[in-house]
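Enquirer:
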Amino acid sequence: MSAPVAALAALAALAALNPAPRQEGEDIMSVRMAQAAEAIAELLKAPANFPAAIRLSDALSRGSLFQWFFRRMLEGLTPAEVAHLKELTSQPVDVAALREMPAGSFGYHYARFVAHNALDLDAYTAAFPPFDEAMGAQWALRRFAKVHDMHHFLLGFPVDFQGEMGLQAFNLRNFREPHAFLSLPMLPLVVARYGQGPRTAREVERGWAIAGQIPNLFQAPLEEMFALDLEVVVARLGIPARPPTPWDEGDARE
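Residues -15 to -1, 1 to 239 in mature numbering (1 follows the signal peptide of the UniProt record, and there is no 0) are what the sequence shown spells out, letter by letter.
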């Protein structure tokens, strides 16, 4: 077993630990670990297997280690701020409404980004419907799923594998997101399977560097900023200059 694979397996086994009681004779922890092991096996064969990635997240997210990470991601917020962020998380993103916002606004540009990349904001539950239950049990997981593509957009990371690895590096350093601890050991496999090693390295390096320059992005109430000018939002969040992207110019209302 290679070092990256061994690290991934060890992290997944640890993350699945949860002192859950037996229910109707079924050992919940064993079921989750079996689900995680099956998902990891599929991901090692095909890192692009998104449903397998969601099944892995579903298996691990309610474990005690992931719950500890989720609490750490919210450190420094007051109880009122946590409650407010939870309320924002419960509000769905209306992409059609965002497209009608003033050109130049964060919301308008994010809607362009979603359309340009043909993103499905319900992709997580579409890939594995039981994942909605996991997000219901842990609202920080739902928030991570909700803002993940917003982070791609705001930080200028493409939604391909190279950009994803860059964002994972950012997540690991900026707010210690637990999925990043599982994703980054896959980096050698991603490069071996999909190539573009130098570009992947640049994205990871950029993600790590940006993460050390700005406050915890997970805690930012991004939904409240949709109506603001994109440049104002980027400046307010402390994000350094973003690389130019196809959805930053023009009007998508035609």
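For glycine and all other residues, C-beta sits at the position ideal for the given N, C-alpha and C.
Looking only at its chain, what residues have a beta carbon closer than 6 Å to the beta carbon of Asp117, apart from the 5 residues adjacent to it on each side?
Expert: So the list reads Thr110, once near-sequence residues are dropped.
Enquirer: Looking at Arg47: is its Cβ nearer than 8 Å to the Cβ of Gln123?
Expert: Going by C-beta atoms, Arg47 is nearer than 8 Å to Gln123.
Enquirer: What is the rounded straight-line gap between the Cα of His94 and the Cα of Gln181?
Expert: Cα-Cα distance, rounded: 28 Å.
Enquirer: Give the DSSP bridge partners of Asp214, in chain order.
Expert: Note: Asp214 sits in a beta bridge opposite Ser90.
Enquirer: Using a Cβ-Cβ cutoff of less than 6 Å, which residues in the same chain neighbour residue 242 once the five nearest sequence positions on both sides are dropped?
Expert: Within the shown structure, residues of the chain are numbered from -15 to 239, placing residue 242 beyond reach of any answer.
Enquirer: Taking its Cβ as the centre, do 16 or more other Cβ atoms sit within 10 Å of Thr63, making it buried, or is it exposed?
Expert: Thr63 should be labelled exposed.
Enquirer: What are the start and end residues of the alpha helix (DSSP H) that includes residue 240?
Expert: Nothing about residue 240 can be read from this structure; the chain reaches only from -15 to 239.
Enquirer: Quick check: what's the CA-CA separation for Pro77 versus His69?
Expert: One C-alpha to the other measures close to 15 Å.
Enquirer: What are the complete alpha helix (DSSP H) segments, minimum 4 residues, inside the region 167 to 231?
Expert: Runs of the alpha helix (DSSP H) inside the region 167 to 231: 172 to 179, 182 to 196, 215 to 222.
Enquirer: In whole angstroms, what is the alpha-carbon distance linking Lys71 and Asp105?
Expert: Those two C-alpha atoms are separated by around 22 Å.
Enquirer: The alpha helix (DSSP H) spanning Ser42 covers which residue range?
Expert: Segment 35 to 45, the alpha helix (DSSP H) holding Ser42.
Enquirer: If you compare alpha carbons, which of Arg57, Gly89, Thr185, Met210 is closest to Arg221?
Expert: When only C-alpha atoms are compared, the closest one is Met210.
Enquirer: Given this structure, state the Cα-to-Cα distance separating residue 244 from Lys30, to the nearest angstrom.
Expert: A query on residue 244 cannot be resolved here, the shown segment of the chain reaching from -15 to 239 and no further.
Enquirer: Quick check: what's the CA-CA separation for Pro225 versus Leu45?
Expert: Near 33 Å, if we compare the C-alpha coordinates of Leu45 and Pro225.
Enquirer: Report back the beta-carbon spacing between Met150 and Val99 to the nearest angstrom; my notes put them in contact at under 8 Å.
Expert: 21 Å between Cβ atoms; not a contact.
Enquirer: Name the two residues that bound the continuous alpha helix (DSSP H) containing Pro64.
Expert: Start and end: 64 to 74.
Enquirer: With a cut-off of 8 Å on the beta carbons, I'd call Glu162 and Phe129 a contact; round off their distance for me.
Expert: Going by Cβ atoms, the distance from Glu162 to Phe129 rounds to 7 Å, so yes, they are a contact pair.
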